[in-house]
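Number of protein chains: 2
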Amino acid sequence: MGTDNVVHIEQSDGSCDECSHQQVCLTRGWVPDEIKKLEPNVRRGKPLPRGELLYRQGERLRALYILRSGALKSFLSTADGLEQVVRFHLPGAILGLDGLGDDHYASSAQAIVASSVCRLPSELINSSIEKFPVLRMRILRLAGREAALGHERAILLTQRAAEERLASFLIEMSEQYGQRGFSPREFNLPMSRQDISSYLSLAVETVSRMFTGFQNAGLIEVDRRSVRLLDMGELRAMAHGGRLAAAN
Amino acid sequence: MGTDNVVHIEQSDGSCDECSHQQVCLTRGWVPDEIKKLEPNVRRGKPLPRGELLYRQGERLRALYILRSGALKSFLSTADGLEQVVRFHLPGAILGLDGLGDDHYASSAQAIVASSVCRLPSELINSSIEKFPVLRMRILRLAGREAALGHERAILLTQRAAEERLASFLIEMSEQYGQRGFSPREFNLPMSRQDISSYLSLAVETVSRMFTGFQNAGLIEVDRRSVRLLDMGELRAMAHGGRLAAAN
DNA sequence: CGGGCACTTGAAGATAATCAATGCCGGTGG
DNA sequence: CCACCGGCATTGATTATCTTCAAGTGCCCG
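Order-wise, the sequence lines are chains A and B. Under my numbering, the residue at position 151 of the first sequence is numbered 151, and the numbers go up by one with no gaps. Just add 1000 to wherever you are in the second sequence, counting from 1, and you've got my numbering.
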């Protein structure tokens, strides 16, 4: 087993022991014993090519997924054809929790780059939760966090200006990459400007302008999807409420 | 809209058998046997005077609560003193789920009118969940719904115009009252304009204007906090103008 | 009866959306 | 290898919606 009590539910290849994402995975904190017992429950997942949907909003809940590699977005579709990205997922993320409410996925999940996922089939969710106390706590925690996140996001989207939202997004991505052992100062965004703007509830044009503005202000260096954060302090300040002094 | 299913675990007076909110309570659907077993676990809650905080954002999770009577609001406070109402709770609602994420309440809950609550102490949450399959499913569902609701709310707050948001709010309240056996066409709003505007992320003035506008348009009759819905069809159309897609 | 607070109403101003066009890159085929 | 195509991204100009500022009304409670 890993160096500590870290676990994995099911993976697309290999056992949890070998998973490179133990640090961030759902199973972090599990006792090895439980891991062993759970592992046989899971089935092999298949790789997701870019653009593929993992599940669709409204579909019956088939499974919870853990993202092993790649990146996905979760989004909602409205009757009038609008599409709103509600979340980006990087490796280690768990997907499908919002489907626990009524056994139907509340959002759609789509790979924005080629990805692979591990899978906990829905028929095993309840029994697994019963049998594995740590998983029980974990799922409850994640669900609770999911709810709390929604609240924070509501504030971000409604109380913060466009600049602050983008700063917030950049810091969020930075932290995500940092937690995963990548550079928090320089990374490649897997998603399009369209996706970012949807996520931040802004027009694409606005996002584009903000990127340019940040660059002119010396906060970042950006070239297409690659970003380098030059002034994390200032970005962080903006993300938490400050505004950018009209520069350029 | 998410509170149609609620549970009841402990009440401030009497046993669950006598509770007038069984219809909407968390325990709906429970096998009587389980209720009986759970009931001894709960402790008496005390009445909440208007304005009293049930719990504060950041406090350690003490318990989950079920609202027995009255009305509460959940809100987040930001570093810069802003306050954002994220939810209104009517009898039968369960509160505190967003604290499951990290054992600290993610929001504050305050009585907007005199209320009383039932209580499931946190030290019992895990064991109760273990022992009572139905409670397990129920809590998971609620947490999942909580997450899903956050998504819908994000769309409402970012994609919908002020009018649509208020229409949505009125319909939401109407449905809440309807489910609880009150008239869905005529009711008293327990919360201030300030609260409503915060909930909808609008300026108080805007909310006020919309109320007036709706009245002039013959959609509603409003006098201070009492509201009568005259044209539910139109209101619904406005609110649902951005309803979620049916999703196959 | 007076004071305070919640609410309403009006006018001006700002932020981001929309409309419109161009630029850039990567891929494809001649 | 180069020219062209299509999607994504950027930039500019104008506009709409809602906020903000400011003032006024009326209700409730002492």
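Heads up, the beta-carbon is just placed ideally off N, CA and C, and yes, glycines get one too.
Taking a Cβ-Cβ cut-off of 9 Å, the neighbours of D102 (chain A) in chain B comprise R1141, G1144, R1145 and A1148, given in sequence order.
Contacts with chain A (Cβ-Cβ distance below 9 Å) from the region 1109-1142 of chain B involve I1125, N1126, I1129, E1130, P1133, R1136, M1137, I1139, L1140, R1141 and L1142, listed in chain order. When DSSP states are grouped into helix, strand and coil, F1075 (chain B) belongs to the strand group.
Q176 (chain A) is outside the set of residues whose beta carbon lies under 8 Å from a beta carbon in chain B. Here R87 (chain A) has S74 as same chain residues with Cβ atoms under 6 Å from its own Cβ, once five neighbours each way along the sequence are excluded. Under the 8 Å Cβ criterion, the region 184-201 of chain A counts as touching the region 222-233 of chain A, having at least three qualifying pairs.
Under the criterion of beta carbons closer than 8 Å, G51 (chain A) and A111 (chain A) qualify as touching, at roughly 6 Å. Each of A:L142, A:A154 and A:S168 was checked against the Cα of G1101 (chain B), and the nearest Cα belongs to A:L142. Against chain A, the beta carbon of G1099 (chain B) has neighbours under 7 Å at G144, listed in chain order. Residues of the region 1174-1201 of chain B with a C-beta less than 7 Å from any C-beta of chain A: S1201, listed in chain order. Listed in chain order, the non-local C-beta contacts of Y177 (chain A) below 6 Å within the same chain comprise P184 and F187, local neighbours out to five positions each way being set aside.
Taking a Cβ-Cβ threshold of 8 Å, the residues of chain B close to I155 (chain A) are L1076, T1078, L1082 and Q1084, in chain order. Taking the Cα positions, R1119 (chain B) is about 6 Å away from A1063 (chain B). When beta bridges are read from the DSSP output, Y1065 (chain B) appears opposite B:L1095 and B:R1119.
Taking 7 Å as the cut-off between beta carbons, none of the residues of the region 1206-1217 of chain B comes near chain A. The three-state reading of DSSP puts S1128 (chain B) in helix, counting H, G and I together. Considering only A:Y55, A:F169 and A:E163, the residue with the shortest C-alpha distance to P121 (chain A) is A:Y55.
A106 (chain A) places its beta carbon less than 8 Å from that of G99 (chain A).
Any Cβ of chain A closer than 8 Å to the Cβ of H1089 (chain B) would place that residue at the interface, and such an atom is absent. For the pair G58 (chain A) and A239 (chain A), the Cα-to-Cα distance works out to about 33 Å. DSSP places D195 (chain A) inside the alpha helix (DSSP H), whose first and last residues are R193 to Y199.
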